[in-house]
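Once you know that position 30 of the sequence shown is 30 in full-length UniProt numbering, the rest is easy, because the numbers rise by one and skip nothing. The structure appears right after this line, and notes come after that.
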Amino acid sequence: MKAAAYTLERPAALAALNTRLADGGWGVKPIAGGQSLGAMLNLRLAQPETLLDLDALAELRAVHETADAVRFGAMVTHAQIEDGRVPDPTRGLMPFVARGIAYRAVRNRGTLGGSLCHADPAADWVNAMPLLGATCLVAGPDGTREVPAAGFMASAFETALGEGELLTAVQVPRRSAATRWAYRKFCRKTGEFANALAACLLDPADGTERVVLGALDGAPHVVEEAGLLARLATDTERARWLAAQDLGLDETRQSMLAEMLRLALRDLETAR
Ligand code: FAD
């Protein structure tokens, strides 16, 4: 199938893009790497009147470092993160996650912002950014606002973005040298989306202790609780805890998730 007819515009400045988005309503759609939207257009699941190409906007590729965080422009690609061409505030978690996305051709074009905005529950940044306690920076007709990554995805393929809003950047807190993390996903074939995903982060410097369960039917399940990771070390406790999360999965998916969680916690034990 071929895409329905649309007009392609390439705004040269972020201000012009924001105006165009605000004026155009839902009929106008940004296109980042096109790795997900291309398929949506060809299947006619998306039929915008106009596409706004974000490629030329240097502001959306910029990366800013502060003492506490790194702010990644929405157009930073998976490959840039994988290759270490941008700073890593996460003690290796971001490059590790980037390396596991699809294959290199997709990673060369696909972007951090595009992935979050597409909001596929099985995608990687959708799960990794809440794990990292990141914040999404949004610009729209009413100015700018910040949305915690844990609340950015509303449900499968839906985000907190309102009409005319653009994700401009993602701010990721800098993790201490004592941080340990683990990230496990089950895929039938390398480069495919996850069927089950579990990840954990422990940063003793600020007491962050977090578990993310992903590749669910909707937004990731994020749990933050002191002492949780140690408590989940035993098979019995873990099984009881997972059942109590009430994720609405069938037996097969629940058992895949249980295994990813077991492996993630084992990885965390040995992580340094
Ligand atoms: P686009 O496709 O250009 O856009 C996606 C959506 O986001 C569109 O609705 C668009 O309008 C909107 N959008 C884009 N940028 C913005 C913005 N700044 N503000 C507001 N809205 C915006 N991903 C994984 O995480 N893990 C995988 O294992 C994986 N496997 C893949 C395998 C294949 C074969 C393919 C083709 C893709 C795979 N992906 C995977 C998806 C890939 O990571 C995409 O790059 C990503 O989902 C979308 O990023 P994009 O930059 O291409 O966005």
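Ideal Cβ positions, reconstructed from N, Cα and C, are used throughout, including at glycine.
From the listed residues Glu158, Ala128, Met129 and Val211, the smallest Cα separation to Leu232 is found for Val211. Look at the beta carbons and you see the stretch 154-167 not touching the stretch 90-99: under three pairs across the two are nearer than 8 angstroms. Contact between the stretch 118-132 and the stretch 194-212 is present, with at least three C-beta pairs closer than 8 angstroms. Nearest in C-alpha terms to Gly214, of all of Phe193, Asp206 and Glu225, is Phe193.
Short note on His221: C-beta not closer than 7 angstroms to any heavy atom of the ligand FAD. Counting other Cβ atoms within 10 Å of its Cβ, Lys2 stays below 16 and is therefore classed as exposed. Residue environment: Glu237 is assigned as exposed (fewer than 16 neighbouring CB atoms within 10 Å of its CB, all protein chains considered). Within the same chain, Cβ atoms closer than 8 angstroms to the Cβ of Leu247 are found at Leu213, Leu216, His221, Gln254 and Leu257, the five residues on either side in sequence being excluded.
Separation of the CB atoms of Ala139 and Thr168 is rounded to 5 angstroms, and the pair is thereby assigned contact status at 8 angstroms. Check the Cα spacing between Ala230 and each of Leu41, Arg262 and Asp206: the tightest is with Arg262. The three-state secondary structure of Met75, taken from DSSP, is coil. Under DSSP, Gly140 shares a beta bridge with Gly143. Separation of Ala119 and Trp125 (C-alpha to C-alpha, rounded to the nearest whole angstrom) is 9 angstroms. Cys117: not part of any beta strand (DSSP E); member of the alpha helix (DSSP H) spanning Leu112 to His118, first to last residue.
Shortest gap from the CB of Leu43 to any heavy atom of the ligand FAD: 7 angstroms or more. Ranked by Cα distance from Arg188, the options Ala102, Leu37, Val147 and Arg175 are led by Ala102. DSSP places Asp53 within a strand segment (E or B) once states are collapsed to three. Counting only residues of its own chain and dropping the five nearest sequence neighbours on each side, Ala56 has a CB closer than 7 angstroms to the CB of Arg10 and Ala12. Taking 8 angstroms as the cut-off, the Cβ atoms of Gly162 and Ala22 do not count as close. For the stretch 217-270, the full-length alpha helix (DSSP H) segments reaching 4 residues or more read 228-231, 235-244 and 251-270 along the chain.
Between the C-alpha atoms of Leu93 and Arg184 there is a straight-line separation of about 11 angstroms. Leu45 is classed as exposed because its beta carbon has fewer than 16 other beta carbons within 10 Å across all chains shown. The three-state reading of DSSP puts Val86 in coil, since its state is none of H, G, I, E or B.
When beta bridges are read from the DSSP output, Cys200 appears opposite Ala182 and Val211. Per DSSP, Ala169 is one residue of the beta strand (DSSP E) stretching across Leu166 to Pro173.
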